[in-house]
Structures are given as structure tokens and as C-alpha cells.
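Our numbering puts the first residue of the sequence shown at 22, with every later residue one more than the last. Worksheet: one structure, shown below.
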Amino acid sequence: MTTAGALLVALLSALPWALAVAQAAPAVSAANAAATADARVVFPERVQQGALVLGKVPPGSRVEYAGRVLRATGYGTVVFGVGRDATGPLRVAVTRPDGSRAEASIAVDPRDWPMERVDGVPPKTVEPPPAIAERIRREQARVTEARTRDDDRADFAQRFIRPVEGRISGRFGSGRIYNGKPGAGHSGMDIAAPTGTPVKAPAAGIVTFADPGLYLTGGTVVIDHGHGVSSNFLHLSRIDVKVGDRVEQGQAFAAVGATGRATGPHLHWGMNWFDVRVDPLLVLERE
Ligand SMILES: [Zn+2]
22 MTTAGALLVA
32 LLSALPWALA
42 VAQAAPAVSA
52 ANAAATADAR
62 VVFPERVQQG
72 ALVLGKVPPG
82 SRVEYAGRVL
92 RATGYGTVVF
102 GVGRDATGPL
112 RVAVTRPDGS
122 RAEASIAVDP
132 RDWPMERVDG
142 VPPKTVEPPP
152 AIAERIRREQ
162 ARVTEARTRD
172 DDRADFAQRF
182 IRPVEGRISG
192 RFGSGRIYNG
202 KPGAGHSGMD
212 IAAPTGTPVK
222 APAAGIVTFA
232 DPGLYLTGGT
242 VVIDHGHGVS
252 SNFLHLSRID
262 VKVGDRVEQG
272 QAFAAVGATG
282 RATGPHLHWG
292 MNWFDVRVDP
302 LLVLERE
């Protein structure tokens with residue numbers, strides 16, 4: 022783990038939590054100690070690119086980040102994602118139930134994104150003909166739509182587990198060169214495992230997308246963990262769930278495969294906060 026990674030884990034471990042937040046509101050009197058504790062707004066001071074960030078606000082607060090009003094749990098937990106190319110400081114505006122305001126300022130530590138060469142993928146998946154390109158756009162739009170959901174379930178707050186055991190064969194954020202042609206950066210984490218290996222839900226959720234045959238991603242499942250946080254699982258050889266099903270953490274719901282643009286059997290596990298892709302490895306490392 023990088024020093025920055027260790028720092029992030031340490032920071033997240035420290036929740037909930039004692040990190041400084043710029044207070045725009047006047048200090049609350051010492052006589053009102055319980056209210057003071059309840060009025061805390063707590064976010065990490067720094068995060069890495071690709072992080073899924075948890076914060077704590079007084080229950081009932083209005084929380085705004087990146088032009089969005091964040092849903093908060095009954096305990097005041099909020100979550101948002103930091104993109105691969107995000108730069109700080111990130112600002113979270115909080116209006117407490119009593120009308121007082123606070124703003125959290127969060128620094129973003131940049132990461133070095135390696136370049137990965139992927140040779141031997143089917144050429145038709147690297148330079149698809151126009152009719153196929155249109156099909157890919159339609160399929161991507163359906164997956165994107167599944168990620169717009171904002172449920173009040175707090176499954177995202179579980180401690181995530183690996184969906185499959187195995188060697189990490191591809192990392193989030195790497196630049197990708199497919200058969201010598203630059204492609205989009207890698208949007209998730211690849212775990213090498215034999216075809217047919219059961220894929221387990223890393224956290225509980227609701228299945229919002231399931232299709233055995235997308236052009237690029239093959240057998241594809243999206244599980245929604247609530248508050249805009251979702252996982253996607255690609256290249257599956259088998260899918261045992263349908264849209265609307267509830268899956269519990271650790272439940273096997275599909276099998277590893279090599280469908281779509283893949284050179285061999287592996288699980289691609291991606292995570293999103295709405296349309297922002299985040300790094301599953303950082304979520305796993307969250308204590
Ligand atoms: Zn992948």
C-alpha cells in the first residue's frame with residue numbers, strides 16, 4: 022500500500038471521529054455539550070483520487086456536494102465518490118437543522134496511474150464497426166441509467182468483502198492500450214479466477230441490471246448499495262439473479278467468465294457513486 026493509501030485507511034479508521042472541519046457557524050456554548058457533539062460535521066481531511074468518502078453530519082442536515090444534495094442516513098452518514106482525475110479541495114456544504122452552516126474542505130492526493138498494455142483482445146471489440154458502435158452506446162446508456170438510482174438503503178456502509186479470491190490482474194485507473202490502440206482508462210479492478218468460480222456480493226444490495234450478453238462487457242450485473250453507490254460485475258459466464266432481486270453480502274449471484282472484451286477468465290469489479298467511478302480496492306481497504 023502507498024503511504025497515501027495507509028493515510029486514507031488511517032483517516033477512515035478514525036471515523037467517527039475527530040477531524041477538523043472549517044466551521045462557518047458560531048461555537049456552541051459549553052453548557053450545551055450534548056448538542057455540540059451532535060452538531061459535529063466530520064469528513065476526512067484528505068482523500069485519494071478514486072476514493073469513496075464517508076462523512077458524518079447532524080441528522081436532519083442538508084448536505085450539498087458537487088451540485089447534488091446528498092442523502093443522509095438517520096445517523097447522519099453521507100457518502101460521495103471522488104473521480105480518478107479529481108483535484109481538490111473538495112467542498113461539502115452542510116446546513117444543520119437549526120440553520121447554522123459548516124463547510125468541509127477536503128484535499129485530494131493525486132495518484133500515479135500506470136499504463137497497461139492488453140494484447141490479444143478480439144479486434145472487433147477494439148475497433149467496432151459503426152452498427153456495433155451504436156449497439157455499444159445503447160447498452161452503455163442502459164447501464165448508466167441503472168446507476169442514477171438513489172435509494173435510502175445504507176448497504177454501502179457495510180465493510181466490503183472481495184467478490185472472488187484471486188490475483189489482482191488489473192487495477193482501477195490504469196491507462197489502457199488494447200492491441201496497441203489507446204482505449205479508455207480501466208474503470209475497475211480485475212481479479213483472475215477460473216470460469217465458473219462463484220461471484221459473491223461484496224456488500225448487500227438490489228440488482229438493478231442483469232444482462233448475459235453486452236457487446237463489450239459480456240455478462241453484466243449491477244448491484245445498487247444505496248445512496249447512489251453501486252457495483253458492476255463484468256465478463257460473467259452465468260447470472261443467477263434478475264433485476265429487482267435483493268442480494269445479501271457474501272451471496273453467490275453469478276459466475277466468473279471471459280465474455281465480452283476479455284483475454285481470459287477474470288472478474289471485473291467496478292464501483293460507482295452515480296456516474297463517478299471509484300476504486301474498489303480503496304473501498305476494501307476501508308476499515
Ligand atoms: Zn477490467
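Ideal placement from N, C-alpha and C gives every residue a C-beta, glycine not left out.
Original post:
Among the residues of its own chain, which have a CB less than 7 Å from the CB of Glu155, if the five just before and after it don't count?
Top reply: Nothing listed; no residue qualifies.
**OP:** Kindly identify the DSSP beta-bridge partner or partners of Ile189.
**Re:** Beta-bridge partners of Ile189 (DSSP): Ile212.
Original post:
Roughly how far, in whole angstroms, is the beta-carbon of His256 from the beta-carbon of His207, given that I think they are within contact range, below 8 Å?
Top reply: The C-beta separation of His256 from His207 comes to about 13 Å, leaving the pair out of contact by the 8 Å criterion.
Original post:
Based on the DSSP output, what are the partners of Gly71 in its beta bridges?
Top reply: Looking at the DSSP assignment, Gly71 forms no beta bridge with any residue, so it has no partner.
**OP:** Since I believe Phe230 is in contact with Gly209 (beta carbons under 8 Å), could you give me their beta-carbon distance rounded to a whole number of angstroms?
**Re:** Beta-carbon to beta-carbon, Gly209 and Phe230 are separated by about 15 Å, too far to satisfy the 8 Å threshold.
Original post:
Helix or strand or just coil, what does DSSP make of Val304?
Top reply: The answer is helix: DSSP assigns Val304 an H, G or I state.
Original post:
Is Arg209 near ligand 1, judged by its Cβ being under 6 Å from some heavy atom?
Top reply: For the record, residue 209 in the displayed sequence is Gly; it is not Arg. Distances taken from the Cβ of Gly209 to the heavy atoms of ligand 1 include one shorter than 6 Å.
Subject >> Beta-carbon spacing of Asp232, His287 below 7 Å >> reply: The Cβ atoms of Asp232 and His287 do not sit closer than 7 Å to each other.
Original post:
Looking only at DSSP bridge pairs, what is Leu257 linked to?
Top reply: Leu257 is bridged to Gly240.
Original post:
Ala175 and Thr241: beta carbons closer than 7 Å?
Top reply: Not closer than 7 Å, so no.
Original post:
In its own chain, which residues sit with a C-beta less than 7 Å from the C-beta of Asp296, not counting the 5 before and 5 after it?
Top reply: Excluding sequence neighbours, Asp296 sits near Thr165 and Arg168.
Original post:
Out of Ile157, Gln70, Val113 and Glu124, which has the shortest C-alpha to C-alpha gap to Arg282?
Top reply: Here the closest residue by C-alpha is Ile157.
Original post:
Ser251 bridges to which residues according to DSSP?
Top reply: As DSSP reads the structure, Ser251 sits in a beta bridge with Asp245 and Asn293.
Subject >> Span of the beta strand (DSSP E), counted from its first residue to its last, around Pro233 >> reply: Judged by DSSP secondary structure, Pro233 falls within the beta strand (DSSP E) whose first and last residues are Gly226 to Leu235.
Original post:
From Ala45 to Arg89, what does the alpha carbon distance come to, in whole angstroms?
Top reply: Because the pLDDT at Ala45 is just 38, under 50, the model does not fix this residue reliably, and the value given afterwards should be weighed accordingly. C-alpha separation (whole angstroms): 20 Å.
**OP:** Can you grab the Cα-Cα spacing for the pair Phe274 / Pro151, in whole Å?
**Re:** Those two C-alpha atoms are separated by around 34 Å.
**OP:** Would you give the residue range spanned by the alpha helix (DSSP H) that Ala167 belongs to?
**Re:** It spans Pro151 to Ala167 - the alpha helix (DSSP H) in which Ala167 sits, taken as one unbroken run.
Original post:
Quick one: what's got a C-beta closer than 8 Å to Ala205's C-beta in the same chain, skipping five residues either side?
Top reply: Cβ neighbours of Ala205 beyond the five flanking positions: Arg197.
Subject >> Beta bridge counterpart(s) of Arg83 as assigned by DSSP >> reply: Its beta-bridge partners are Thr116.
**OP:** Could you please give the first and the last residue of the uninterrupted beta strand (DSSP E) stretch that includes Pro143?
**Re:** Pro143: not part of any beta strand (DSSP E); DSSP gives it neither H nor E.
Original post:
Is Val277 helix, strand or coil by DSSP?
Top reply: Looking at Val277 - three-state DSSP - the assignment turns out to be coil, as it is neither helix nor strand.
**OP:** Classify Val299 as helix, strand or coil using the three-state DSSP reduction.
**Re:** Three-state result, Val299: strand.
Subject >> Proximal residues to Arg105 (C-beta, below 6 Å), its chain only, five neighbours per side dropped >> reply: Result list for Arg105: Gln70, Gly71 and Gly194, in chain order.
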